[in-house]
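Below is one structure, written out as structure tokens, with a few remarks after it.
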Amino acid sequence: WNACSLTSRLTELEFFMVNNNVVVAAIQETWLVQNDSLFLRDINIIRCDRPDGTPHGEVALLIHKNLNYSHYTLQYTGAVAAVAIRLIPSNLIVISAYSLPAVRLTSDILNKLTSHGSPFLISGDFNFKHQLWNNFNNNSNGHELKKYSELATNDALFSNAHTHLVPNRQPATIDFFLSNLNHYFTCSTLDELSSDHLPVMLSPSSNTNPKTTTSIPVTDWDTYRNLTLNRPITHSISSAQDVNLAISSLIRSLRRSFFQATNLVPMPNKFIVADCK
77 WNACSLTSRL TELEFFMVNN NVVVAAIQET WLVQNDSLFL RDINIIRCDR PDGTPHGEVA
137 LLIHKNLNYS HYTLQYTGAV AAVAIRLIPS NLIVISAYSL PAVRLTSDIL NKLTSHGSPF
197 LISGDFNFKH QLWNNFNNNS NGHELKKYSE LATNDALFSN AHTHLVPNRQ PATIDFFLSN
257 LNHYFTCSTL DELSSDHLPV MLSPSSNTNP KTTTSIPVTD WDTYRNLTLN RPITHSISSA
317 QDVNLAISSL IRSLRRSFFQ ATNLVPMPNK FIVADCK
């Protein structure tokens, strides 16, 4: 939920969490700075505040005290603010993220947000618009996310109702989830809380059928090879930590080359030729 100032809406959020049995709340635009104190009964709070003291943007995770978790360190994601935990014992990574409308989305940013080696669930106000997730039009970041999701094993999980309602502007769905476990969950928009963003509730799904897709990735491997050769790894290795950093850098480089060398083409209607039938 994008709170547009968390401290001014703390009481209603506490009631909302109790009334709806919320165990983890991902909050965007907390508008908190490092000196701000925050307390909710029976709730642990993990925050990412603005270091410059400007009360704008930023994110938090509110976790019920009975839920076991550990802090999870994300790779630097540039202009996308994010904070994360790892649930115990499931190893599910839960992330709260916020992207300013002016941020230009790249595959590198998405790689850092979604490369965890574990199941993940990212909840956020992304400001990424696409008709695929219930918007009237598309923006460039929406196109980039759609392409990335088709190539990767994750996708947007969204409600059928709009989440951002502003007078004299088209309603939009910019608050949603990114996950590699989408077919295990359903989400719904609730007409509650007083921000101009409506909260989106995620619940376990009884339908566990994997998603379908209308496009397939086609990779130009010559282009991939050339891109990879032009990205040498230059890390100096003197410790075990340096080895881990070099491996992470290599993986990001290979993934970046793959996405740049791959395009989506429409999936054919028939997979079996008539003679084979």
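Letter by letter, the sequence shown follows residues 77 to 353 of our numbering. Here a beta-carbon is modelled for each residue, glycine too, at the ideal position from N, C-alpha and C. Owing to the predicted nature of the structure, the values given are computational and were not obtained by experimental measurement.
Other residues of its chain near residue i: CB distance less than 7 Å, five sequence neighbours each side excluded
i: asparagine 256; result: Pro195, Phe196, Thr229 and Asn230
i: phenylalanine 234; result: Trp209, Asn210, Thr249, Phe252 and Cys263
i: glutamate 268; result: Phe92 and Pro275
i: phenylalanine 115; result: none
i: alanine 160; result: Tyr148, Leu150, Ile169, Val170 and Ile171
i: phenylalanine 212; result: Gln246
Between the CA atoms of residue j and residue i - distance to the nearest angstrom
i: methionine 93; j: aspartate 272; result: 18 Å
i: glutamate 105; j: glutamate 134; result: 5 Å
i: leucine 45; j: leucine 163; result: Look at the range of the chain in this structure, 77 to 353, and you will see that residue 45 is not part of it.
i: serine 216; j: serine 146; result: 35 Å
i: isoleucine 169; j: alanine 136; result: 14 Å
i: alanine 158; j: glutamate 90; result: 22 Å
i: serine 314; j: tyrosine 174; result: 36 Å
i: leucine 254; j: histidine 238; result: 17 Å
For residue i, the residue or residues it bridges with in DSSP
i: histidine 132; result: In the DSSP output, where bridge partners are listed per residue, histidine 132 has none listed.
i: cysteine 124; result: Val135
i: threonine 182; result: Answer is none; threonine 182 lacks a bridge partner.
i: isoleucine 169; result: Arg162 and Phe196
Cβ shell of residue i (< 6 Å), same chain only, five flanking positions each side left out
i: glutamate 220; result: Leu181
i: leucine 138; result: Ala101, Ile119 and Ile121
i: cysteine 80; result: Glu105 and Ser271
i: histidine 240; result: Ala248, Ile250 and His273
Closer than 8 Å: residue i CB and nearest the ligand FAD heavy atom
i: proline 243; result: Among the components modelled here there is no ligand, and therefore nothing to report on the ligand FAD.
Nonlocal neighbours in the same chain, by C-beta distance under 8 Å from residue i, ignoring five residues either side
i: histidine 132; result: Glu105, Trp107 and Arg126
i: leucine 266; result: Asn96, Leu274, Pro275, Val276 and Met277
i: alanine 337; result: Thr295, Asp296, Trp297, Thr299, Tyr300 and Leu303
i: lysine 141; result: Asp118, Ile119 and Asn120
Exposure of residue i, with buried meaning 16 or more beta-carbon neighbours within 10 Å
i: isoleucine 185; result: buried
i: alanine 178; result: exposed
i: aspartate 201; result: buried
i: tyrosine 152; result: exposed
i: asparagine 244; result: exposed
Segments of 3+ residues assigned as beta strand (DSSP E) that fall wholly inside the region 225-311: 231-233, 251-255, 261-265, 276-280 and 291-295
At which residue ranges does the region 81-127 contain complete alpha helix (DSSP H) runs of 4 or more residues, listed in the order of the chain? 86-95
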